[in-house]
Amino acid sequence: MTDSTPRHPRRGLAVPFVIVGLALAAWTGWWFWLTDQVETRLTAQVEVLRQDGWTVTHAPVTTTGWPFRTRVSMPQAVILAPSGHGVAAPELVAEASSWNPDHWVVVAPDGLTLTRADKGRIAVAGDGLRFSISHLRDRFPDLRAEMIRPTFTALEGAEPFPIASAEQIQLETRPHRTDGAASTDELDVLFRLVDARGRPGGPVEGATRQG
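Numbers 22 to 232, taken from my numbering, label the letters of the sequence shown in order.
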């Protein structure tokens with residue numbers, strides 16, 4: 022008699038790949054749905070600001086980051102409040118984890134320009150300019166702005182900025198918590214100004230010399 026080796030069905034080998042393929046297809050569908058929601062809400066928010074008297078202009082928005090990130094790029098962004106204060110940047114980039122779109126980080130990779138109504142424009146550069154917002158579903162979200170080694174340069178016709186440069190500037194606001202819960206309308210605010218150098222003859226320079 023001749024022994025025959027039993028053949029194992031090859032369909033079992035394909036099952037893991039089918040599962041991975043289905044999971045990838047489902048995740049891809051979620052990612053495209055999420056990015057569509059982000060772009061739709063961004064467009065709606067811009068329209069609301071414009072109706073309230075804000076000036077908001079930008080080049081076409083692009084969304085990338087598949088599969089695990091949602092990254093929204095807004096080139097040539099200009100945001101100007103009715104008061105005349107505003108910000109402009111060659112590019113603003115907002116990014117969040119696709120599985121946690123409740124926490125966003127916005128960076129200005131090429132610096133930005135601050136507009137101070139009657140005082141003119143200030144060019145801001147640095148090793149890192151970023152703003153983050155989290156807990157968007159809460160009544161008061163957590164906000165954080167941070168500048169790493171920023172420099173402030175007055176543009177033509179503008180009044181000098183009180184600070185010429187700094188090692189770090191940090192501003193945080195978050196709901197005041199009692200027993201771990203945000204039970205009041207109070208906010209906790211943190212402001213840090215590290216190794217700041219003021220403009221010649223300005224108040225910051227005088228304060229640092231006295232300190």
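Glycine is no exception: its CB is placed at the ideal position from the N, C-alpha and C atoms.
Note that the coordinates shown come from a computational prediction; the quantities given were computed from them, not determined experimentally.
The beta-bridge partner set that DSSP reports for residue 125 consists of 154. The way I'd put it, the region 96–104 doesn't touch the region 119–128; fewer than three beta-carbon pairs between them come closer than 8 Å. Judged by DSSP secondary structure, residue 82 falls outside any beta strand (DSSP E); it is assigned neither H nor E. For residue 96, the uninterrupted beta strand (DSSP E) run begins and ends at 90–101, by DSSP. Comparing C-alpha distances from residue 173 to each of 179, 185, 180 and 151 shows the shortest one belongs to 185.
Under a 10 Å Cβ-count criterion, residue 133 is classified as buried, with 16 or more other Cβ atoms of the shown protein chains found around its own Cβ.
Between residue 130 and residue 108, the beta carbon gap of about 14 Å keeps them out of contact (Cβ cut-off 8 Å). Distance between residue 196 and residue 39, taken at the CA atoms: about 46 Å. The residue from 104, 181, 192 and 141 with its alpha-carbon nearest to that of residue 167 is 192. By the neighbour-count definition (other C-beta atoms within 10 Å, threshold 16), residue 80 is an exposed residue. Distance from the Cα of residue 116 is smallest, within the candidate group 61, 90 and 159, for 90.
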